[in-house]
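Here is the structure we will look at, set down as structure tokens.
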Amino acid sequence: MWIDSHCHLDAPEFDADRDAVVARARQVGVTQLVLPAVAAFDFDTVRELAHRHGFAYALGIHPLYVMQAAEQDLTLLAEQLQAHRDDPRLVAIGEIGLDFFVPGLDAVRQQHFYLEQLKLARRFELPVILHVRRSADQLLAGLRRLPVAGGIAHAFNGSAQQAARFVELGFKLGFGGTLTYERSLQIRRLAQTLPERALVLETDAPDIPPHWLYTTAADRAAGQAMGRNEPAELPRIAQCLAELRGWTLGEAAQNTSANVRAALPRLSAC
Numbered sequence: 002m003w004i005d006s007h008c009h010l011d012a013p014e015f016d017a018d019r020d021a022v023v024a025r026a027r028q029v030g031v032t033q034l035v036l037p038a039v040a041a042f043d044f045d046t047v048r049e050l051a052h053r054h055g056f057a058y059a060l061g062i063h064p065l066y067v068m069q070a071a072e073q074d075l076t077l078l079a080e081q082l083q084a085h086r087d088d089p090r091l092v093a094i095g096e097i098g099l100d101f102f103v104p105g106l107d108a109v110r111q112q113h114f115y116l117e118q119l120k121l122a123r124r125f126e127l128p129v130i131l132h133v134r135r136s137a138d139q140l141l142a143g144l145r146r147l148p149v150a151g152g153i154a155h156a157f158n159g160s161a162q163q164a165a166r167f168v169e170l171g172f173k174l175g176f177g178g179t180l181t182y183e184r185s186l187q188i189r190r191l192a193q194t195l196p197e198r199a200l201v202l203e204t205d206a207p208d209i210p211p212h213w214l215y216t217t218a219a220d221r222a223a224g225q226a227m228g229r230n231e232p233a234e235l236p237r238i239a240q241c242l243a244e245l246r247g248w249t250l251g252e253a254a255q256n257t258s259a260n261v262r263a264a265l266p267r268l269s270a271c
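Start counting at 1 in the sequence shown, then tack on 1, and there's your number in our numbering.
What follows is the structure, encoded as structure tokens:
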């Protein structure tokens, strides 16, 4: 029984066969998905998908979407959180955070949306799902300024020191497809050495494909398509974590699922 703690099931890549994607996930034991929104346009979509399939969802504005977002989107987010505050499938505010990897993004605007959404997390007493890309220190500074009820640092790729600070603040760290690449030395080292209670699994599907789905630029130029990542890949990703930790697959499922539920307490009611 696996929990995919981060899956964009609403992405257009799944429009043609979304029900089949869910069926394949369940066939391999992935029985719960957390579906984070990325902008106001998909608030309703992720909620409807979660209810249709028995999954969980989060509402938030992703840092890559803040350039198109308006102030009223924060108002809409607050209204949605209020309207659905008793919905047990609403488990977090997310995906929110900061991205200092993609060029051309307004850092000040990102910070504004990040801090305003932390305020909403405090107001509605919800954990957060964080986007962390070359931004760990700035995210931590925001959390020290506006402490929240923990959550998940999704696709974590920071240092051991930064990881320890997130764990001290009650966060779990998400590991997915990147873990499967032998060259991902830092991420694999973290997955091996962090406290057991700190680790959760995710696919970020359809993004961050594991190594067996990846094609090089040369392969793509030759006409070979990149394999699509989907939640059914989670147990195979978990096998990599189990090998690094010296766990059985059963232990990996038990430990990481318990950690997701600890990070997102409402998930236990889904």
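Note that CB positions come from ideal geometry on N, CA and C, so glycine has one too.
These figures come from a predicted structure and were not determined experimentally.
Would you mind reading off the limits of the beta strand (DSSP E) that contains residue i?
i      : result
ILE97  : 91–100
THR32  : 31–37
ILE153 : 152–155
LEU200 : 200–202
GLY175 : 172–176
ASP5   : 3–5
For a test of the three-state rule: what should DSSP assign to residue i, helix, strand or coil?
i      : result
PHE42  : helix
ALA164 : helix
ALA122 : helix
PHE56  : coil
HIS132 : strand
GLY105 : coil
ASP11  : coil
ASP205 : coil
ILE62  : coil
Between which two residues does the alpha helix (DSSP H) holding residue i run?
i      : result
GLY1   : What is shown of the chain runs 2 to 271, which leaves residue 1 out entirely.
ILE188 : 186–194
By Cβ distance below 8 Å, which residues in the same chain neighbour residue i in space, the five residues on each side in sequence not counted?
i      : result
THR179 : ALA156, ASN158, SER185, ILE188 and ILE209
GLN225 : THR216
For residue i, I'd like the list of residues in its chain whose CB is within less than 6 Å of its CB, leaving aside the five on either flank, ordered along the chain.
i      : result
GLY171 : GLY151
PHE167 : ALA154
VAL22  : PHE15 and GLU231
Taking the alpha carbon of residue i as the point to measure from, which residue in the options has its own alpha carbon closest?
i      : options                  : result
GLN73  : GLY105, ARG19 and PHE114 : PHE114
LEU127 : ILE94, PRO104 and LEU141 : ILE94
Leaving out the 5 sequence neighbours to the left and right, which residues in its chain are closer than 7 Å to residue i when beta-carbon positions are compared?
i      : result
TYR182 : HIS212
Quiz item: Given 8 Å as the limit, is there contact between the segment 224–234 and the segment 21–30, that is, 3 or more CB pairs closer than that?
Solution: The segment 224–234 is in contact with the segment 21–30.
Self-check item: Sufficient close CB pairs (3 or more, under 8 Å) joining the segment 42–58 to the segment 69–86
Solution: Under the three-pair Cβ rule at 8 Å, the segment 42–58 counts as touching the segment 69–86.
Quiz item: Between the segment 129–149 and the segment 244–259, do at least 3 Cβ pairs fall closer than 8 Å?
Solution: The segment 129–149, when compared against the segment 244–259, does not touch it at the 8 Å Cβ threshold.
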